[in-house]
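Here the sequence shown stands for residues 132 to 1015, where the numbers follow the numbering used here.
Note sheet for the following structure.
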Amino acid sequence: MTDKKFVYFFGDNQTEGSNKMKHLLGGKGANLAEMANLGVPVPPGFTISTEACVLYMKNNDYPEGMWDEIDKNIDKLEESTGKKFGDPENPLLSSVRSGAPISMPGMMDTVLNLGLNDKTVRGLAKRTDNEWFAYDSYRRFIMMFSDVVLGIDTDEFENIIQQKKDELGVTEDTELGTNTMKDLVEEFKSVYKEKTSSDFPQKIKQQLKMAINAVFNSWNNERAKKYRQLNDISDELGTAVNVQAMVFGNMGETSGTGVAFTRNPATGEKEFYGEYLTNAQGEDVVAGIRTPKSVQTLKDNMPDVYRQLDDITQKLEQHYKDMQDIEFTIEKGKLYMLQTRNAKRTAAAALKVAVDMVHENLINKNEAVMRLKPSQIDQVLHPMIDPNSELELLSSGLAASPGAAVGKVVFSAEHAEEMAQNNEEVILVRTETSPEDIGGMHAAKGVLTVRGGMTSHAAVVARGMGKPCVCGCDGINIDMNEGVFTAKGYTINEGECISIDGSEGKIYMGEAELKMPNVSGELETMLQWADDIRSLNVRTNADTPEDAKLARDFGAEGIGLCRTEHMFFGEERIPVVREMIMADNKEDREKALQKLQPMQKDDFLDIFRAMDGYPITVRLLDPPLHEFLPNYEDLIEKIKKLESEGGKQEEINRVNDLLKNVDALKETNPMLGHRGCRLGITYPEIYEMQTKAIIEAACELASEGTDVIPEIMIPLVSNEKELDFVKKTVTDTAESVMNEKGTNIDYLCGTMIELPRAALTADKIAKGAEFFSFGTNDLTQTAFGYSRDDAGKFLPLYIDKGILESDPFAVLDQEGVGELMKIGIDKGRSSRPDIKMGICGEHGGDPESISFSYEAGLNYVSCSPYRVPIARLASAQAVLKEEK
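Spelled out as structure tokens, the structure:
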């Protein structure tokens, strides 16, 4: 015999557990014990611990001593209720329900009315003087047991019930007579025998053992595993099993069952909210087979019960200091509480409840800040698809940028811009996007791509714009020639309407109803509380004045990444950029750059004004030059079309020249090719132009009284000599401009740490760098050797198989990439103790990665504008977690 305890009793002044034992008893078991301790009317029972479940799954058998404990607790339960399992005169019936340490509503299995057989059903009928109730309970038990324990489809039984209703011309289960219920029992037993080749079990202990096994096994059913994956719940926790004496809501009009919330779960309003059914059992309410009544109608139907229920729920909310989700049963006018737990709620409700409870002195501000998940802020800032919309799912991909959008399908950026100018709402559908698509992305309501991951161009830009985006959707095929895409056997033509959900990664046919965000004053209150706590600064990734202003409105304290390449794609600019790229000598290249310089300066003037008084980190040109040229295949097609249609030779020659340049600039692996500081070394005149535009704009604004704090960032440095070479170009140009303007600008020159070698040699690089910004998108790519645009093809499988816990482009890999960052931080500060350090990759908006950034000692995080509020909250939570 082992000394380990696996079973804990609750109720009847013998309770052995409490709410502090959730890890062991699961949420349901711990709360049943807690309610019993509080004197709330709870039917007695016992809880089999999560440890027993873990051992059962590991060894495919019960742990030693567990069943002996169950037998002893059955004796206690029989003594407490005055009934006995299997007693034909006075049978004890029980429910067998799951209960994980973390709430997983509806994910695992439940069996009700266990203990009924051909003998005990007659005893129950006689004891209650209600034959209909006894056989109704028996047919429910057979159906539920068959489904949960043996996996027999409930439709097998529902079809029989419906056939009986049709024969008798009735619509409700409660209209079926006693004899019909008896017939249903026999027919259900026949289905069981047909499906299992055995009779329905009559031994009560056998029923109990099979039900306990089923609940243990339900921990690993597909829906439970999927729920844990979506909600980041460990697979190692296991579930407890709660065996509880049945109380019956199906004993007539003075009986019933219901589910209620202490506050409205949709809005957070402080009102008792819920539904119940008379003459019903618990599954009837959630199954939707009958229309429930508002719990408020209990005031008229059973006023004493309502008053007691209202008192108990208020008591529970005060005790738990959180909104509660309760289940209750009324048996012949007597109220029993079957469950309480912290209620699931919408993001808007979570925000309101947390703020209201501070004002009600139930919790303090720190507790309120910890109550809200940072991801919930995303939901209140973006439109969502109405959950009541009935839509055909076309395909799924990566949830790359949150929110929902509806629009007509377009396959080119140009067409998107044209249609948007005509006030038509469009969804841009591309195999993948490039910087050249920026105009169409801006014009579209949402973006859908076949390829690409969470840090692909489409994902990064869409998040920065606050537009919904689904990437890596390889379930669709685009035929540009026909102007269609296909998915699941459907063909969607250009111009037809689709709906995308960037929060869930779903694509639907047709036009969904959208629920617009309702941002209330509670969000501002909550974020102010967070700002009072956090020490990590929050900046934004912004490339336009509009993005900068939006981010300021969301509380950004500067720009951590301004990508200058996005400024090159304006309609007036792209021809000049291509002129610069196609120049075959420095003189011609500088002529083109002279045309670009005032355009760049205007961009910086507007962005600097929007960020008056806050630092702006400007990244010098980073992507390979071929990205500014048209697609090679598109140019081939254009030449063919010009030649076939008799186009002008001058135009054909121009396109041919473009084609030659595209071919000359083509690289086998452009992400590791001629880009970043390598461009600044090969063509220093490009960085000279950009530096001149930055410093001229800063000087001009400084003379107007605007406080400008520029930080010039040199990208993709791998050793200190690269940095020194490019930094000289930057500082010489800056000094020249300041001397010319007679204005001194206090600027910084630093680098982006995005290559493993840079992190490992950061002590040398820091001697020349006044700040580091960790570009975790490329650092993750180069550390793993994953192409961030192609990894979406296999990363979901890696996560599903447990090779990776999460997408490393979405959640920072602390073990590898994080370790490189720590090395870079420590080495950098060993050379320059006061060096400013931040993170500007997409991880800057991920709560888990923000927590790591705080612990690692960074000064700031930078993220897309719509994620600034998330980062503010997550930064505060990082402080509070450390204080615990």
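C-beta: ideal position from N, C-alpha, C; glycine also.
With a contact defined as Cβ atoms closer than 8 Å, GLY528 and GLY603 qualify at about 5 Å. A contact is defined here as three or more CB-CB pairs under 8 Å, and the segment 253-266 meets this definition with respect to the segment 375-390.
The three-state reading of DSSP puts GLY387 in strand, counting E and B together. For PRO1000, the closest of GLU702, GLY160 and HIS513 by C-alpha to C-alpha distance is HIS513. Each of PHE141, MET844 and PRO754 was checked against the Cα of VAL372, and the nearest Cα belongs to PHE141.
Three or more Cβ pairs closer than 8 Å define a contact, and the segment 841-856 meets that threshold against the segment 742-754. Note: GLY538 is bridge-paired with ILE629 in the DSSP secondary-structure output. By the C-beta criterion, the segment 172-188 is judged not to be in contact with the segment 325-340, since fewer than 3 inter-stretch pairs fall below 8 Å.
When rounded, the separation of the alpha-carbon atoms in MET647 and ARG919 is 32 Å. Proximity of the segment 359-370 to the segment 179-188 meets the contact definition, three or more beta-carbon pairs being nearer than 8 Å.
Put simply, the backbone Cα of GLU851 is about 46 Å away from that of LYS496. With 16 or more other Cβ atoms inside 10 Å of its own Cβ, HIS757 counts as buried. Excluding its 5 nearest sequence neighbours in each direction, MET274 has C-beta neighbours in its own chain below 7 Å: THR285, PHE288 and PHE319, listed in chain order. Residues of the same chain with a CB within less than 7 Å of the CB of SER526, apart from the 5 flanking positions on each side, are CYS604, GLY606, ILE607, ALA618, LYS619 and ILE638 in chain order. Per the Cβ contact rule, the segment 503-510 is in contact with the segment 473-485 (3 or more Cβ pairs under 8 Å). One Cα belongs to LYS680, the other to TYR814, and the distance between them is close to 33 Å. The Cβ atoms of GLY969 and SER867 lie no closer than 8 Å to each other. Under the rule that a run must span 4 or more residues, the alpha helix (DSSP H) segments found entirely inside the segment 430-498 read 434-451 and 478-490. By a beta-carbon distance limit of 8 Å, MET713 contacts ASN792. Their separation comes to about 5 Å.
Looking from the CA of MET611, the closest CA among ASN908, VAL138, ALA829 and VAL560 belongs to VAL560.
Following the DSSP letters along the chain, one finds ASN792 inside the alpha helix (DSSP H) bounded by residues 780-796.
The segment 735-747 makes no contact with the segment 772-792; the number of CB pairs closer than 8 Å stays below 3.
Distance between GLU827 and GLN731, taken at the CA atoms: about 10 Å. Shown here, ASN381 sits in coil according to DSSP, grouped into three states, outside any helix or strand. About 5 Å separates the Cβ atoms of GLY399 and VAL484, confirming a contact at the 8 Å cut-off. With distances taken between CA atoms, LYS1012 lies nearest to ARG665 out of LEU243, VAL839 and ARG665. Restricting attention to VAL252, TYR997 and SER225, the CA atom closest to the CA of LYS340 is found in SER225. As DSSP reads the structure, TYR404 sits in a beta bridge with PHE392.
Contact between the segment 923-941 and the segment 959-967 is absent, with fewer than three C-beta pairs closer than 8 Å. The beta-carbon distance between VAL486 and GLU625, rounded to whole angstroms, is 46 Å. This is too long to meet the 8 Å contact definition. Ranked by Cα distance from THR675, the first of THR864, HIS450 and PHE700 is PHE700. Here LEU186 has PRO194 as same chain residues with Cβ atoms under 6 Å from its own Cβ, once five neighbours each way along the sequence are excluded. Counting along the chain, no beta strand (DSSP E) covers CYS184; the unbroken alpha helix (DSSP H) around it starts and ends at 181-190. Under the DSSP assignment, CYS808 falls in the alpha helix (DSSP H) whose first and last residues are 808-813. The Cβ-Cβ distance between GLY976 and ARG998 falls below 8 Å. GLY584 is classed as buried because its beta carbon has at least 16 other beta carbons within 10 Å across all chains shown.
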